[in-house]
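Engineer: Residue 451 in our numbering is what sits at position 116 of the sequence shown, and the numbering runs on without skipping anything.
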Amino acid sequence: MFVRAGTMVPLLDPRVMTLSDAADPKVITMKRLQHLLHLWIWPTEDGFAQLEFHDRSWWSMYHVIYAKHWMIAFNDMTPNRTNILQVSAPWTETVSTVTTPTGHVYPKAASLDRLLSDDASEGWIVDHTQRTLWNFIGVPELWRTVKLARPL
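Next comes the structure, spelled out in structure tokens:
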């Protein structure tokens, strides 16, 4: 896939095996994981990216230069949808904390597998081999802002 910097691409959970229903419970269907939205984010060099959905949901990433952090703000109009944000290269910065502006701190996950496990509720981790920041938001309120802070 070729994408332009500043783009966000919504994807199905990679564990989905079929878009149809399946009689075999071992087969992971789209319907079973429809509550998950994987959003790949490819920011520009200055940290900007955006996306708007047909249902008026929107996501926006931007760099707050004076405060030395990035913000990802979004308004998800689909109730009970879990957002898994994947901020991709050129992600070369170090992240020290992931919080909301109200002070909620997302825990740093022990591993990517733990972050994406069925029993995870929220968290973040940087995959240095893929140069990707993963942020598991959980089920947000309608409006959510996530702050990605750099170490001072």
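Just so you know, even glycine gets a beta-carbon here, dropped at the ideal spot from N, CA and C.
Count Cβ pairs between the stretch 412 to 419 and the stretch 364 to 372 that sit closer than 8 angstroms; are there 3 or more?
Structural biologist: Judged by Cβ distances under 8 angstroms, the stretch 412 to 419 makes contact with the stretch 364 to 372, as three or more pairs qualify.
Engineer: Output yes or no for whether 9 angstroms exceeds the beta carbon distance between M365 and L346.
Structural biologist: No, the pair does not count as a contact, with Cβ atoms beyond the cut-off.
Engineer: Are three or more beta carbon pairs between the stretch 395 to 413 and the stretch 375 to 386 nearer than 8 angstroms?
Structural biologist: Contact holds: three or more Cβ-Cβ distances are below 8 angstroms.
Engineer: So what does DSSP say about D448, is it helix, strand or coil?
Structural biologist: The answer is helix: DSSP assigns D448 an H, G or I state.
Engineer: Output the boundary residues of the beta strand (DSSP E) element that contains Y397.
Structural biologist: Looking at the DSSP string, the run of the beta strand (DSSP E) that includes Y397 is W393 to V399.
Engineer: Per DSSP, what kind of secondary structure is M406 in: helix, strand or coil?
Structural biologist: Strand at M406.
Engineer: Once the 5 residues before and after L477 are set aside, which same chain residues still bring their CB inside 8 angstroms of it?
Structural biologist: Confidence at L477 is low in this model, with a pLDDT of 47, below 50, so its placement is unreliable and no value can be given for it.
Engineer: Counting C-beta neighbours from all protein chains within 10 Å, is the total for Y441 16 or more, i.e. buried, or is it exposed?
Structural biologist: Under this definition Y441 is a buried residue.
Engineer: How many Å lie between V461 and G473 at the Cα?
Structural biologist: Answer to the nearest angstrom: the Cα atoms are 17 angstroms apart.
Engineer: With H, G and I counted as helix, E and B as strand and the rest as coil, what does DSSP make of N488?
Structural biologist: Within the shown structure, residues of the chain are numbered from 336 to 487, placing residue 488 beyond reach of any answer.
Engineer: Less than 9 angstroms between the beta carbons of D469 and L483, yes or no?
Structural biologist: The amino acid at residue 469 is misidentified as Asp; the sequence shows Trp. Contact flag unset, no.
Engineer: I need the straight-line Cα distance from I376 to F337, nearest angstrom please.
Structural biologist: Rounded to the nearest angstrom, the two C-alpha atoms are 13 angstroms apart.
Engineer: Using 9 angstroms as the threshold, is the C-beta distance between T467 and V422 below it?
Structural biologist: Contact: yes.
Engineer: Measuring only the C-alpha atoms, how far is M406 from L451?
Structural biologist: In a straight line, the C-alpha of M406 is about 22 angstroms away from that of L451.
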